[in-house]
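Colleague:
Numbering (my numbering), first residue to last: 599 to 712.
1) Can you give, in chain order, each stretch of the alpha helix (DSSP H) that sits fully within the segment 645 to 711 and has at least 4 residues?
2) Taking the alpha-carbon positions, what's the residue 673 to residue 638 distance?
3) Return the Cβ separation of residue 699 and residue 608 in integer angstroms, given the expectation that the two are a contact with Cβ distance under 8 Å.
4) If we count the other Cβ atoms within 10 Å of its Cβ and call it buried at 16 or more, is residue 645 buried or exposed?
5) Which of the three DSSP states is assigned to residue 620 in this structure?
6) Classify residue 626 as buried or exposed, calling it buried when 16 or more other Cβ atoms lie within 10 Å of its own Cβ.
7) Tell me whether residue 634 sits in a helix, a strand or coil according to DSSP, three-state version.
This is the structure:
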């Protein structure tokens with residue numbers, strides 16, 4: 599089985615977020631804050647801190663975000679608020695992956711949809 603080319607991979611992530619384009623930022627923020635799996639980790643400090651676990655970003659993202667129902671909203675919110683200058687794990691993507699996906703997202707939002 600051939601791997602998907604990177605441009606197609608990041609483009610598919612950007613395309614997946616199209617349905618959130620009209621959602622106001624405040625609604626996205628409320629949704630992510632209320633339902634995000636990472637918010638549970640933050641709110642329960644007695645649980646192990648995965649940020650200090652030594653996991654590389656991709657592993658931490660996979661671990662924290664597995665099964666999270668608001669990954670798309672999280673990623674959309676991060677793209678709108680931080681853009682390319684993003685840090686940490688958002689929308690189940692580590693920084694390098696998220697930056698590449700952001701460039702594809704920005705192109706789509708600027709009229710580059712196919």
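Built from N, CA and C at the ideal position, the CB exists for glycine as well.
Modeller: Here's the rundown:
1) 655 to 663, 669 to 679, 693 to 705
2) 17 Å
3) 5 Å
4) For residue 645, the predicted structure reports a pLDDT of 46, less than 50, and the residue's modelled location is therefore unreliable. A value from the coordinates is still provided. Per the 10 Å Cβ criterion, exposed.
5) coil
6) buried
7) coil
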